[in-house]
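Residue numbers (the working numbering): 1007 to 1123. Even for Gly, the Cβ is constructed at its ideal location relative to N, Cα and C. Worksheet: the structure to be examined is printed underneath.
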């Protein structure tokens, strides 16, 4: 399972970087989304995949008696998802506004338009 997730992470990173290097702003946003999803999976994989009980200590005990799932990587992933959602929302609105003003999403044409004014 970990090998499969490592391959998926590599594919997401490769596709994300490829999309970021394109000239279209829409492809740039898609690349950022893919890269963020790859990073979230990487954090999940680094936290080790274990099947276990929730990390709650029984009342009659002072330590964990069985294997438990580590909550820290899950909390980090939730935080990363919220931050990436905010970044994606801002980028989509920014691209929409730029397209409305310049009438293109090609970065070279936007750069040429900027130099003309």
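Beta-carbon contacts of residue 1070 that lie in its chain and below 8 Å, excluding the five residues immediately before and after:
Same-chain partners within the cutoff: 1061, 1063.
Tell me the DSSP secondary structure of residue 1030 in three-state form.
DSSP places residue 1030 in strand when its eight states are reduced to three.
Taking residue 1077 as part of the alpha helix (DSSP H), name the residues at either end of that continuous run.
Note, residue 1077: alpha helix (DSSP H), 1077-1108.
Let's test the definition: count the other Cβ atoms within 10 Å of the Cβ of residue 1007 and tell me whether it reaches 16, buried, or not, exposed.
It is exposed - the Cβ of residue 1007 has fewer than 16 other Cβ atoms within 10 Å.
Residue 1118 to residue 1091 span [Cα, whole Å]
The C-alpha of residue 1091 is placed about 31 Å away from the C-alpha of residue 1118.
Here's the rule I'm using: 16 or more other beta-carbon atoms within 10 Å means buried, otherwise exposed. How should residue 1100 be labelled?
So residue 1100 counts as exposed.
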